[in-house]
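Take 11 as the starting number for the sequence shown in our numbering and just add one per residue. The beta-carbon is built from N, C-alpha and C at its ideal position, and this holds for glycine as well. Since we're looking at a predicted model, the values are computed, not measured. Input: a single structure, listed below in structure tokens.
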Amino acid sequence: MPAKNKTVWYCSSCGNESPKWMGRCPACGEWNTMVESPVSGRKPSSPSASGGGKPEALNEIDCSSEDRITLGNPEVDRILGGGLVRGSLVLVGGEPGIGKSTLSLQIPLNCAGLKTLYVSGEESARQVKMRAGRLGGDLSGCYIFCETSIDKVIDEANRMLPDLMIVDSVQTMSCEGVESTAGSVSQIKETASRLLRFAKESSVPVILIGHITKDGYIAGPKILEHIVDVVLQFEGENRGSYRILRSIKNRFGSTSELAVFEMTGNGLRAVSNPSEMLIPQHGQNLSGTAVCAMLDGTRPFLFEVQALVSSAVYGTAQRSATGFDSRRLNMLLAVLEKRAGFHLGAKDVFLNMAGGLKVNDPACDLAVTVAVLSSNFDFAIPSDFCFAGEVGLSGEIRPVGQTDRRILEASRLGFSKIFVSAFSSVGQTPQGIQLVKVGDIPELVRKLFK
Ligand code: TYD
Ligand code: MG
Numbered sequence: 011m012p013a014k015n016k017t018v019w020y021c022s023s024c025g026n027e028s029p030k031w032m033g034r035c036p037a038c039g040e041w042n043t044m045v046e047s048p049v050s051g052r053k054p055s056s057p058s059a060s061g062g063g064k065p066e067a068l069n070e071i072d073c074s075s076e077d078r079i080t081l082g083n084p085e086v087d088r089i090l091g092g093g094l095v096r097g098s099l100v101l102v103g104g105e106p107g108i109g110k111s112t113l114s115l116q117i118p119l120n121c122a123g124l125k126t127l128y129v130s131g132e133e134s135a136r137q138v139k140m141r142a143g144r145l146g147g148d149l150s151g152c153y154i155f156c157e158t159s160i161d162k163v164i165d166e167a168n169r170m171l172p173d174l175m176i177v178d179s180v181q182t183m184s185c186e187g188v189e190s191t192a193g194s195v196s197q198i199k200e201t202a203s204r205l206l207r208f209a210k211e212s213s214v215p216v217i218l219i220g221h222i223t224k225d226g227y228i229a230g231p232k233i234l235e236h237i238v239d240v241v242l243q244f245e246g247e248n249r250g251s252y253r254i255l256r257s258i259k260n261r262f263g264s265t266s267e268l269a270v271f272e273m274t275g276n277g278l279r280a281v282s283n284p285s286e287m288l289i290p291q292h293g294q295n296l297s298g299t300a301v302c303a304m305l306d307g308t309r310p311f312l313f314e315v316q317a318l319v320s321s322a323v324y325g326t327a328q329r330s331a332t333g334f335d336s337r338r339l340n341m342l343l344a345v346l347e348k349r350a351g352f353h354l355g356a357k358d359v360f361l362n363m364a365g366g367l368k369v370n371d372p373a374c375d376l377a378v379t380v381a382v383l384s385s386n387f388d389f390a391i392p393s394d395f396c397f398a399g400e401v402g403l404s405g406e407i408r409p410v411g412q413t414d415r416r417i418l419e420a421s422r423l424g425f426s427k428i429f430v431s432a433f434s435s436v437g438q439t440p441q442g443i444q445l446v447k448v449g450d451i452p453e454l455v456r457k458l459f460k
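The structure is reproduced here in structure tokens:
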């Protein structure tokens, strides 16, 4: 009798497996994310952290010299937590055209003596060579292998034992024994599992490139996040020239570390002072903007929040937020309505974070609130004011972590005033910047709009 289930369904958001289609994934609750995939001849292998062996006593394990390779790119090294750990699998995700291949190829080119196997399933060796020529650097240690069978790739890598392997991209690779086409969920899962096993067994670090769509799934890397050790994700608009690379998972370092790059004619160049690019250079005070002193990972930086509040043209007001949680925006608007008497119910509200940045630091609440009020009243906030505070449901302004470091960064960038919670405990304020403590929204409005 033929097997009954010829296909299984995977949730493209969390990787949950199910024998039948479902409108909503029971594991993560996302709607319409189940994708069909043929059952492979054997079960996808599950990755193991180390290649077999027996249990070891914790106090006898030697990890004194965690083996890290420094890549010729200080910003990438920093967000990895101080270089690439040997035997780790790093996913570099982002939309097509954002610069994943460019960044990955720049690593061996800028790192003389690093023997690298660059596997390309997308471009021919000549195309890679042309790109490398444009990027410049040392071409000698880098080997290009155009292949889409992951089994052949791993065989070759085992023979060559490079210092680093780059696989571009996971969507183009296919595994023997898995019957679906390259790019399907089961192929992606299996490719990543085999690469993880290779990395752990050989101690060769692997950088795996994965395309990701705007909403974060469909293409698969969401599933990969559970398998790999480190996820570096590109965000930002690929229309502009700035690219933001963020670590969203790191088994060997802290997460949400962020680096900013600029795409130039010869590759990605690190922007050492991201605040300069994310705060306005127009030199005039415009209404609807406010600068937030944010902390991303371990580094403080400042960026501009823009809001546009206008009377709703159609019956229901529109709310739209780019780079900021729209539920959080709705909550802030409700607080303004209920606790401070601003009637925004019939207004359209649009919110935008500078540079296509995605923020989730609660300290952004205050700048968002100020930008909304500023646009609503058409009252410009002086461009040398900045804000760092969380807004609570009763309209109180709560302190945020590491306020001192935010103040220091704001002062370094020449801001004259920083608004923080009245409940923050702050050490000594640096010279040249004035600290304005506010306890709730009405007090903020009094101090700001007078
Ligand atoms: P790429 O790294 O190919 O993107 P991905 O691998 O994420 O799909 O980068 C593609 C874009 O970058 C492409 O539009 C061309 C541009 N680019 C430059 O502007 N300068 C350069 O030096 C390079 C190599 C690419
Ligand atoms: Mg590419």
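Among the options, the one whose alpha carbon lies nearest that of residue i
| i | options | result |
| --- | --- | --- |
| E245 | C21, G91, G107 | G107 |
| A364 | L99, M287, T265 | M287 |
| V455 | S196, G366, I407, D173 | I407 |
| L305 | E267, G91, T326 | E267 |
| T158 | L234, E211, E133 | E133 |
| L218 | G39, S114, G325, L145 | S114 |
| V240 | S47, K125, F262 | F262 |
| L94 | T413, R88, I79, V188 | I79 |
| M273 | V323, G25, E419, L255 | L255 |
| G250 | F271, V448, E235 | F271 |
| V448 | E211, V281, S434, Y252 | S434 |
| Q294 | A390, V216, L312 | A390 |
| K162 | G405, S184, Y153 | S184 |
| S320 | V180, K357, R169 | K357 |
| L403 | R422, A420, V345, L242 | V345 |
| L99 | T191, T126, L206 | L206 |
| P290 | F425, R279, S282, L418 | F425 |
Residues bridged to residue i [DSSP beta-bridge criterion]
| i | result |
| --- | --- |
| L174 | T126 |
| L445 | I428 |
| M44 | C21 |
| I407 | V401 |
| Y153 | L127 |
| R78 | V95 |
| L305 | P310 |
| R34 | W41 |
| F360 | L318, S330 |
| E27 | Y20 |
Close-in-space but distant-in-sequence residues of the same chain around residue i (CB under 6 angstroms, 5 per side omitted)
| i | result |
| --- | --- |
| L361 | A317, A331, F334, L339 |
| S28 | W19 |
| A398 | A303, A373, V410, R416, V430 |
| F395 | K427 |
| E186 | D161 |
| N370 | none |
| V238 | L99, L101 |
Endpoints, alpha helix (DSSP H) assigned at residue i
| i | result |
| --- | --- |
| L90 | 84-90 |
| F459 | 451-459 |
| G104 | No alpha helix (DSSP H) holds G104; the beta strand (DSSP E) holding it covers 99-104. |
| A209 | 195-212 |
| Q294 | No alpha helix (DSSP H) holds Q294; DSSP gives it neither H nor E. |
| G143 | 135-145 |
| I481 | Residue 481 lies beyond the stretch modelled for the chain, which goes from 11 to 460, so this question has no answer here. |
| A331 | Careful: A331 lies outside any alpha helix (DSSP H), inside the beta strand (DSSP E) at 329-332. |
| S2 | Coverage of the chain is limited to positions 11 through 460, which leaves residue 2 absent and any answer about it impossible. |
For residue i, the first and last residue of its enclosing beta strand (DSSP E)
| i | result |
| --- | --- |
| L423 | Per DSSP, L423 belongs to no beta strand (DSSP E) and is neither H nor E. |
| V319 | 309-321 |
| V216 | 216-221 |
Cutoff 8 angstroms; reference residue i; Cβ partners in own chain excluding five residues on either side
| i | result |
| --- | --- |
| N120 | L81, G82, N83, G147, D148 |
| V214 | R96, G97, A167, L171, P172, D173, L174, M175, F208 |
| D178 | K110, S111, S114, Y128, V129, S130, G131, E132, E133, I219 |
| S56 | Here the model assigns S56 a pLDDT of 44, short of 50, so the residue's position is not dependable, and the following value carries that caveat. Taken in chain order, the residues that qualify are S203. |
| G25 | V195, K199, K232, I233, H236 |
| L145 | T112, L115, Q116, L119, N276, G277 |
| L367 | E245, G246, I254, L288, F313, G333 |
| G61 | Only weak support exists for where G61 lies, its pLDDT of 48 falling under 50; the coordinates are left without a value. |
Near the ligand MN: residue i beta-carbon under 7 angstroms from a heavy atom
| i | result |
| --- | --- |
| K139 | The model on display carries the ligand TYD and the ligand MG but not the ligand MN. |
Spatial neighbours of residue i in its chain, beta-carbon cut-off 7 angstroms, leaving aside the 5 residues before and after
| i | result |
| --- | --- |
| G91 | N260, F262, G263, S264 |
| A381 | G298, T299, A300, V315, Q316, A317 |
| G355 | A327, E347 |
| V188 | S50, S196, Q197, E200 |
| R349 | S404, G405, I451 |
| S385 | S297, G298, A317, L318, V319 |
| D375 | L342, G399, E400, V401 |
Beta carbon proximity, residue i to chain B, threshold 8 angstroms
| i | result |
| --- | --- |
| G97 | As a matter of chain content, chain B is missing from the structure shown, which is built from one protein chain. |
* To do: Entirely within the stretch 230-284 and at least 3 residues each: give me those beta strand (DSSP E) ranges in chain order.
  => 240-245, 252-260, 268-274, 277-281
* May I have a chain-ordered list of the alpha helix (DSSP H) segments no shorter than 4 residues that lie completely inside the stretch 362-405? => 374-387
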